[in-house]
Ligand code: SF4
Ligand code: SF4
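Here is the structure:
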């Protein structure tokens with residue numbers, strides 16, 4: 003089976019296993035994507051080994067999953083420099099795992115979404131810059147031969163569910179593996195909550211089309227500069243169903259205007275004090291807060 007588009011399919015009939023590394027932070031659906039890929043490979047008669055680490059997932063910590071499949075797979079872990087595909091749901095996590103990508107033929111697919119770890123915001127004074135890695139999309143594309151950087155979170159947000167960003171990326175990844183779109187849709191329907199099957203299938207198609215149409219990079223939007231700006235009039239929106247009460251935003255808000263209620267859901271307790279700095283939005287691993295300029 004051949005595909006159009008700029009990702010050349012990985013040769014799955016090789017005797018050596020195909021290696022896919024999925025990385026991100028807690029709450030982004032790394033494990034869901036990894037299980038969907040593993041299941042599809044298994045259903046197609048391939049031997050699959052999958053291993054994952056999600057230690058501090060609830061607090062926005064790193065989550066990663068190694069998937070290896072082929073005619074015979076001996077070890078569950080991908081050695082450095084041997085990942086055929088590195089799928090990153092968070093920008094800095096993607097950069098951190100680059101040494102695992104095969105330097106000659108590896109395919110790097112990343113969301114340009116940035117979830118800022120709390121330790122990179124030690125200075126929370128107005129005007130302070132965060133310590134978040136500042137490698138630009140352009141610099142990355144110049145360094146990695148097969149790099150695809152897309153704003154998957156914005157694509158998913160436009161579809162009505164920012165949490166479907168992982169499925170947008172899965173759509174991009176699907177162009178590198180020789181399974182049919184119908185098979186992908188089936189495993190997605192089995193992996194996501196029933197109410198979100200429709201939006202996830204749409205997200206998958208968007209990601210797939212993005213690659214097939216020849217796109218390779220979406221730059222960070224100018225509104226997405228990681229620095230604590232001067233106060234601006236803004237509106238804070240909390241999606242309560244997505245808040246898992248990790249407390250990160252409450253602890254890190256420079257103005258102390260957030261608090262968890264008795265159900266462990268975040269609330270804005272003093273709208274007047276909020277400066278619209280967006281730190282809570284950048285830090286939340288679950289897309290539960292968005293801050294919009296009025
Ligand atoms: S946007 Fe408002 S609520 Fe969020 S961290 Fe900044 S001051 Fe706190
Ligand atoms: S809104 Fe705050 S408490 Fe809720 S998940 Fe996000 S960072 Fe954690």
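In my numbering, the protein residues as written are 3 to 296. All C-beta atoms, glycine included, are put in the ideal place defined by N, C-alpha and C.
At a cut-off of 8 Å, would you count residue i as near ligand 2, judging by its Cβ distance to the nearest heavy atom?
i: residue 186; result: no
i: residue 145; result: no
i: residue 24; result: no
i: residue 249; result: yes
i: residue 27; result: no
i: residue 279; result: no
i: residue 32; result: no
i: residue 123; result: no
Looking only at its chain, what residues have a beta carbon closer than 7 Å to the beta carbon of residue i, apart from the 5 residues adjacent to it on each side?
i: residue 2; result: Nothing can be reported for residue 2, as the shown portion of the chain is limited to 3 through 296.
i: residue 266; result: 247
i: residue 79; result: 53, 68
i: residue 262; result: 247, 249, 252, 268
Given 8 Å as the limit, tell me if residue i has its C-beta closer than that to any heavy atom belonging to ligand 1.
i: residue 120; result: no
i: residue 256; result: yes
i: residue 238; result: yes
i: residue 131; result: no
i: residue 245; result: no
i: residue 291; result: yes
i: residue 235; result: no
i: residue 262; result: no
i: residue 161; result: no
With 16 other CB atoms within 10 Å as the buried threshold, where does residue i fall?
i: residue 136; result: exposed
i: residue 26; result: buried
i: residue 70; result: buried
i: residue 77; result: exposed
i: residue 138; result: exposed
i: residue 4; result: Low local confidence applies: a pLDDT of 31 at residue 4 is under 50, so the model's placement there is unreliable, with the coordinate-based value given in what follows. By the neighbour-count rule (16 or more Cβ atoms within 10 Å), residue 4 is not buried but exposed.
i: residue 289; result: buried
i: residue 203; result: buried
i: residue 209; result: buried
i: residue 119; result: buried
i: residue 29; result: buried
i: residue 295; result: exposed
i: residue 271; result: exposed
Let me make sure I understand the geometry here. Which of the options has the alpha-carbon closest to that of residue i?
i: residue 45; options: 256, 238, 181, 279; result: 181
i: residue 67; options: 210, 40, 49; result: 40
i: residue 126; options: 33, 251, 245, 196; result: 251
i: residue 199; options: 175, 161, 174, 72; result: 161
i: residue 242; options: 291, 287, 273; result: 291
i: residue 13; options: 34, 278, 107; result: 107
i: residue 237; options: 273, 260, 257; result: 273
i: residue 48; options: 36, 20, 63, 34; result: 20
i: residue 142; options: 256, 219, 240, 276; result: 219
i: residue 276; options: 256, 144, 146, 122; result: 256
Which same chain residues, not among the five before or five after residue i, have their C-beta less than 6 Å away from its C-beta?
i: residue 225; result: Legend: pLDDT at residue 225 = 48, less than 50; position of this residue unreliable, value from coordinates given subsequently. Excluding sequence neighbours, residue 225 sits near nothing in its chain.
i: residue 31; result: 168
i: residue 189; result: 38, 41, 42
i: residue 117; result: 27, 92, 287
i: residue 194; result: 202
i: residue 235; result: 296
What whole-angstrom Cβ distance do residue i and residue j have, given they're in contact under 8 Å?
i: residue 87; j: residue 22; result: 5 Å
i: residue 191; j: residue 158; result: At roughly 17 Å, the Cβ-Cβ gap does not stay under 8 Å, so residue 191 and residue 158 are not in contact.
i: residue 96; j: residue 18; result: About 24 Å separates the two Cβ atoms, so there is no contact after all.
i: residue 174; j: residue 213; result: 5 Å
i: residue 83; j: residue 105; result: 6 Å
Below 8 Å CB to CB, which residues in the same chain sit around residue i once its five sequence neighbours on both sides are set aside?
i: residue 50; result: 40, 43, 44, 69, 70, 71, 75
Does the CB of residue i have a neighbour CB from chain C at under 9 Å?
i: residue 13; result: Looking for chain C here will not work: only one protein chain is present.
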